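Engineer: Have a look at this one before I ask anything.
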């Protein structure tokens, strides 16, 4: 059986940034210290494929009995939204509801999105919303 080797570079952290950023940690893929997966196009693709796999397995974007609530209008928070695929699909289907996606990385669309969708960069440990906003 062969050996598996990976090149591990030095972990660099910038004191001027709010979050600790790790440069070229494993095979030149960038990581945040507080997030275990890489921050690149390959990871965005993986998250998108994962979304469609789950959607196919469940035959839906959710399993809760909230269809009528969403049709009538609700404020929905997608914590850890990644590339925002779920929020975008939900916003397109439920025009009376508003969807806000939050992630530590801005891997979501900045400009092309439904009007009832908003994305922000934020940390789940310190969400920038008042209690009971959603």
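In UniProt numbering, the protein residues as written are 1 to 134.
Cβ coordinates follow ideal geometry from the N, Cα and C atoms, glycine included.
Keep in mind it's a predicted model, so treat the numbers as computed, not measured.
Ignore the nearest five residues each way along the sequence and tell me which others in residue 80's own chain have a CB closer than 7 Å to its CB.
Structural biologist: These residues qualify, in order along the chain: 103 and 124.
Engineer: Roughly how many whole angstroms lie between the Cα atoms of residue 189 and residue 32?
Structural biologist: A query on residue 189 cannot be resolved here, the shown segment of the chain reaching from 1 to 134 and no further.
Engineer: Check whether the region 61 to 68 and the region 34 to 50 touch, using three or more Cβ-Cβ pairs below 8 Å as the test.
Structural biologist: Output reads no: the region 34 to 50 does not touch the region 61 to 68.
Engineer: So what's residue 119 in DSSP terms, helix, strand or just coil?
Structural biologist: In this structure, residue 119 counts as strand in the three-state DSSP scheme.
Engineer: Give me the Cβ distance between residue 107 and residue 128, rounded to the nearest whole Å; I'm assuming they're in contact under 8 Å.
Structural biologist: Between residue 128 and residue 107 the Cβ distance is about 18 Å, and since that is not below 8 Å, they are no contact.
Engineer: Please return the same chain residues whose Cβ sits closer than 7 Å to the Cβ of residue 134, not counting the five positions on each side in sequence.
Structural biologist: 75, 76 and 77, listed in sequence order.
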